[in-house]
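Residue numbers (our numbering), protein chains in the order written: chain A, 1 to 159; chain B, 1001 to 1080. The structure appears right after this line, and notes come after that.
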């Protein structure tokens, strides 16, 4: 069984001489296995994480995205290079996009039901936003271990 | 086969050498970034700190193989 999900993610990232704010509304395909759940990225496509439950996998997705953005920040000599890397990562997808769209159609015509307990996000507005920040724009929510990580409101069924 | 099972990292590299000839892999702080055939997979985990040949979850390998369009070859070598 697979479910088409949408998610939001926000994070401030420090790079070499710059501070950036990154926000996604992305898509992922949740695949149920006997021993847990795997999330296969659609936007961004080049990522996959597993967890014992959907909530665990969701948390793992946030952690993996954060580590990936830190990698991009380490590699980027400038803010513009970081922004380009994040933008390319978000938009590069693969065959999981077609499966995600097929699963959306299956939910919409009633052949399958979305997972219980998730908000619905029919026709989600997909975006990736990267912007340079100034120090006075920071808030306590920008702390790395803030409670904004992987809350239930960040996750939804895309149909 | 469970996606939570693991494959040694060096076996993953051997699979890439066989299935993605000419690929590049760059070690970053948390991952290896694999580039092949115009596609980029920047999230292959480096594994636990200090382990020379850590286990990589099959679910990640499956995704990487699909993303890089080498899935059939990867299945043939690793059985993912």
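Every residue gets a Cβ at the ideal spot worked out from N, C-alpha and C, and that includes glycine.
* Which residues, in order along the stretch 63 to 83 of chain A, keep a beta-carbon less than 7 Å from a beta-carbon of chain B? -> 64, 67, 68, 70, 71, 74 and 75
* For residue 43(A), does the three-state DSSP call read helix, strand or coil? -> Taking the first residue of the first chain as 1, we reach residue 43(A) at position 43. Strand.
* Asked: Does the beta carbon of residue 46(A) sit closer than 8 Å to a beta carbon anywhere in chain B?
  -> Looking up residue 46(A) in the first chain gives position 46. Taking Cβ atoms only, chain B reaches closer than 8 Å to residue 46(A), which makes this a yes.
* **Within chain B, partners of residue 38(A) - CB distance below 7 Å** => The count along the first chain starts at 1 and reaches residue 38(A) at position 38. Correct list: 1003 and 1059.
* Determine the DSSP secondary structure at residue 1031(B), reduced to helix, strand or coil. => The count along the second chain starts at 1 and reaches residue 1031(B) at position 31. Reduced to three states, the DSSP call for residue 1031(B) is strand.
* To do: Answer with yes or no whether the minimum CB distance from residue 33(A) to chain B is below 8 Å.
  => Here residue 33(A) refers to the residue found at position 33 when the first chain is read from its first residue. Yes, its Cβ sits closer than 8 Å to a Cβ of chain B.
* Are residue 60(A) and residue 104(A) close, meaning C-beta to C-beta below 8 Å? -> As a first step, residue 60(A) must be located in the first chain, where it is residue number 60. As a first step, residue 104(A) must be located in the first chain, where it is residue number 104. Cβ distance not < 8 Å, so residue 60(A) and residue 104(A) don't count as in contact.
* Asked: Anyone know if the C-beta pair for residue 1003(B) and residue 99(A) falls short of 8 Å?
  -> The sequence position of residue 1003(B) within the second chain is 3, counting from 1. The sequence position of residue 99(A) within the first chain is 99, counting from 1. Cβ atoms of residue 1003(B) and residue 99(A): not closer than 8 Å.
* Just the chain C side, please: which residues come within less than 9 Å of residue 24(A) by C-beta, in chain order? => The structure shown contains no chain C; the protein chains it does contain are A and B.
* To do: State the beta-bridge partners of residue 161(A) as determined by DSSP.
  => No information on residue 161(A) is available, as it lies outside the stretch 1 to 159 that chain A covers here.
* **Residues that residue 12(A) bridges to, as DSSP identifies them** => Along the first chain, one-based indexing puts residue 12(A) at 12. Answer is 21(A).
* To do: Answer yes or no: does any C-beta atom of chain B fall closer than 8 Å to that of residue 89(A)?
  => Taking the first chain and counting its residues from 1, one reaches residue 89(A) at position 89. For residue 89(A), the answer is yes, since a Cβ of chain B falls inside 8 Å of its Cβ.
* Any C-beta of chain A sitting closer than 8 Å to the C-beta of residue 1023(B)? -> Reading the second chain from its first residue, position 23 is the one you call residue 1023(B). Judged by the 8 Å Cβ criterion, residue 1023(B) is not in contact with chain A.
* residue 68(A) - containing alpha helix (DSSP H), residue span -> One-based indexing of the first chain puts residue 68(A) at position 68. Start and end: 54 to 75.
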